[in-house]
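*Asks:* Handing you a structure now.
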Ligand SMILES: NC(=O)c1ccc[n+]([C@@H]2O[C@H](COP(=O)([O-])OP(=O)(O)OC[C@H]3O[C@@H](n4cnc5c(N)ncnc54)[C@H](OP(=O)(O)O)[C@@H]3O)[C@@H](O)[C@H]2O)c1
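In this note's numbering, the protein residues as written are 72 to 411.
Spelled out as structure tokens, the structure:
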């Protein structure tokens with residue numbers, strides 16, 4: 072396993088991150104303690120150092136077990152957790168992006184993880200009520216206190232992330248080093264604004280659900296059981312066509328669908344780190360073997376074509392010849408360095 076720098080930071084993280092939302096059976100489709108330990112050991116033995124959890128996952132079990140698993144060699148691992156999602160029902164201050172919940176949630180995570188510091192703290196999702204300066208100043212305080220080392224943001228519109236980092240830069244506060252987005256052959260809409268923004272701001276892009284929760288392994292085409300429900304957009308006609316092409320390409324090149332789907336993510340523009348989910352160690356062993364395999368340009372083209380999305384306004388509009396003409400006075404092809 073090789074390492075990538077986490078965006079604009081000097082932190083070295085494995086090229087594949089292990090997602091631990093499956094650690095614990097509270098949500099009906101995870102793994103028990105022994106299987107979770109086996110998934111963790113498989114990842115660590117393969118040289119992985121980058122672990123993703125959240126305060127909310129499996130009602131706290133994921134953090135508790137992960138804390139135990141890393142305890143023997145805590146400093147080796149880059150432990151990432153999140154805050155913002157609820158820890159209690161019916162209480163508005165036990166959720167959200169505001170300072171009170173930030174401080175409380177991080178305190179609880181440190182206890183569950185049984186550690187003195189969090190390597191990377193993610194804002195789990197944007198609450199559309201807390202102001203950007205309240206959040207960024209709170210995060211900067213946590214870093215100053217040594218409780219958190221790096222920060223990242225997940226599930227948030229591009230304009231807000233961009234505003235947060237610009238504000239932090241102007242005020243001399245710590246900035247986000249990484250972005251977490253749902254990104255896969257079944258979810259390409261981050262290509263509209265989030266991915267170009269991450270590339271422009273030098274944020275690492277970590278992709279959650281790179282297998283679309285398992286749909287891209289083709290298991291549902293064979294009516295096998297799994298956690299993705301039949302009525303999900305991950306199993307509609309278009310999704311099934313894409314999954315079938317992934318299965319076909321895997322069989323043509325002697326690979327597996329999971330590895331093909333993961334390498335499609337890894338070979339996209341920017342620093343792409345899939346956050347791999349696995350319910351059992353065998354699945355992880357298969358997925359980890361994507362390292363060392365590559366998709367050819369022809370395979371990428373076929374996958375890109377079947378899964379393509381409309382970029383919509385203003386992207387499509389700005390790409391038209393008429394607009395280029397009026398923006399460059401007829402010299403578009405004579406001017407160097409067009410930024411995408
Ligand atoms: N920021 C966010 O909002 C957010 C949201 C979701 C997840 N995440 C993070 O991203 C991580 C990954 O998410 P995810 O679990 O949805 O990812 P995923 O990789 O798309 O799906 C993982 C699931 O696919 C199936 N699978 C995995 N490898 C397989 C293989 N080789 N062959 C056949 N089936 C296989 C398993 O499900 P079954 O065997 O049960 O079918 C497994 O639990 C999470 O653990 C979490 O850390 C973040």
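From the three backbone atoms N, C-alpha and C, an ideal C-beta is built for every residue, glycine too. Owing to the predicted nature of the structure, the values given are computational and were not obtained by experimental measurement.
Got a sec? Which residues, its chain only, sit under 6 angstroms from residue 337 by beta carbon, not counting five neighbours each side?
*Replies:* 343
*Asks:* By DSSP's criteria, residue 83 is part of a beta bridge. Which residues make up the other side?
*Replies:* 76
*Asks:* Is residue 347 close to ligand 1? I mean its beta-carbon at under 7 angstroms from any heavy atom of the ligand.
*Replies:* yes
*Asks:* Judging by CA-CA distance, which residue of 378, 261, 325, 266 is the nearest neighbour of residue 313?
*Replies:* 378
*Asks:* Apart from the five residues just before and just after residue 183, which ones in its own chain have a Cβ nearer than 7 angstroms to its Cβ?
*Replies:* 131, 134, 135, 138
*Asks:* When every heavy atom of ligand 1 is checked, does at least one fall within less than 7 angstroms of the C-beta of residue 314?
*Replies:* It does not: the Cβ of residue 314 is nowhere closer than 7 angstroms to a heavy atom of ligand 1.
*Asks:* Can the beta-carbon of residue 286 be found less than 8 angstroms from the beta-carbon of residue 310?
*Replies:* yes
*Asks:* What residue from 188, 173, 181, 187 has the CA that sits closest to residue 198's CA?
*Replies:* 173
*Asks:* By Cβ distance, which residues of its chain are closer than 7 angstroms to residue 245, with the 5 residues on each side in sequence left out?
*Replies:* 210, 211, 214, 222, 239
*Asks:* Among all the DSSP beta bridges, which residues are the ones paired with residue 102?
*Replies:* 94
*Asks:* Does the separation of the CB atoms of residue 370 and residue 330 fall below 8 angstroms?
*Replies:* No, these two residues do not count as a Cβ contact at 8 angstroms.
*Asks:* Would you grab the beta carbon distance between residue 124 and residue 152 for me? Rounded to a whole angstrom, and I think it's under 8 angstroms.
*Replies:* About 5 angstroms separates the CB atoms of residue 124 and residue 152; that is less than 8 angstroms, so the two are in contact.
*Asks:* Please name the residue or residues paired with residue 275 in a DSSP beta bridge.
*Replies:* 249
*Asks:* Please state whether the Cβ-Cβ distance between residue 217 and residue 188 is less than 8 angstroms.
*Replies:* yes
*Asks:* Based on the DSSP secondary-structure assignment, which residues constitute the bridge partners of residue 346?
*Replies:* Looking at the DSSP assignment, residue 346 forms a beta bridge with 88.
*Asks:* When you compare the CB positions of residue 203 and residue 169, do they come within less than 8 angstroms of one another, or not?
*Replies:* no
*Asks:* Please state whether DSSP places residue 291 in a helix, a strand or coil.
*Replies:* coil
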